[in-house]
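Colleague: Handing you a structure now.
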Amino acid sequence: MKLTRDFFDRPALAVARELLGKVLVVEAAGRRRAGRIVDCEAYVGQHDLACHASKGRTPRTEVMFGPPGFAYVFLVYGMHHCFNAVTGAPGLAAAVLVRAVEPVEGLEGRGRSDGPGRVCRALGINRSHDGVDLCGGRGPFLEDGPGIARRRVERGPRIGVAYAGAWAKRPYRFWVAGSPFVSGQ
DNA sequence: CTACAGATCTAT
DNA sequence: TAGATCTGTAGC
């Protein structure tokens, strides 16, 4: 079953925790690609110094300030796309970054899907998906999964945000304990 | 306008 | 361990 807007209309931490086990699906040119989320991070708003929105409202971050259930896709280091789902009410710029998926169907790119850049390559996500409605008729969407037992959910600091001071230490990353598909580091 | 750092990944 | 190469910000 496709996740509806109310799923995303909650604090980013709650959404991140529950996105584990959900399936990210991209249908394009008659091909269906899908991966089960095993690793993700919450970026909780403008006050979160690790969140891109903390720099203010820019064309790039605009979608995060809008309603929940939309895709925020950005380019890092000029090469790699990162996929986020916008969460929370309009005005609160929060989102959840998908860091790794377990292959389910039709993935590309040497079969690896650990790391935010590889997730997008494997699923075929690019900037054309930025700002797209995840609860609409077209584009990527999230499908319900079996859910992950509490004892299999691990928490820790987010990756690659050392510049964010105290915010870098907060345990806003969630992953499935023991999954071989979780991103390294 | 130039400089530089960044929610990364790959090949040397 | 360096290189690829786009975006936004800071500094001149």
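According to my numbering, the residues represented by the first sequence are 1264 to 1448, in order.
We treat Cβ as the ideally placed atom computed from N, Cα and C, and that holds for glycine.
(1) By Cβ distance, which residues of its chain are closer than 7 Å to Thr-1267, with the 5 residues on each side in sequence left out?
(2) Under 7 Å Cβ to Cβ from Gly-1394, same chain only, skipping five residues before and after it: list those, please.
(3) Within its chain, find whatever has a CB closer than 7 Å to the CB of Arg-1320; leave out the 5 residues flanking it on each side and keep chain order.
(4) Would you be able to state if there are at least three C-beta pairs under 8 Å between the region 1302–1321 and the region 1396–1413?
(5) Would Pro-1434 be called buried (16 or more neighbouring beta carbons within 10 Å of its own) or exposed?
(6) Looking only at its own chain, which residues have a Cβ that is under 8 Å from the Cβ of Gly-1378, when we skip the five neighbours before and after it?
(7) Between Gly-1380 and Cys-1345, which are expected to be in contact by the criterion C-beta below 8 Å, what is the C-beta distance as a whole number of angstroms?
(8) Residues in its own chain within less than 8 Å of Ile-1422 by CB, not counting five upstream and five downstream?
Modeller: Judging by the given coordinates:
(1) Cys-1398
(2) Val-1326, Phe-1333, Ala-1334
(3) Phe-1328
(4) No contact exists between the region 1396–1413 and the region 1302–1321.
(5) exposed
(6) Arg-1362, Ala-1363, Ser-1446, Gly-1447
(7) 7 Å
(8) Glu-1304, Arg-1362, Arg-1436, Ser-1446, Gln-1448
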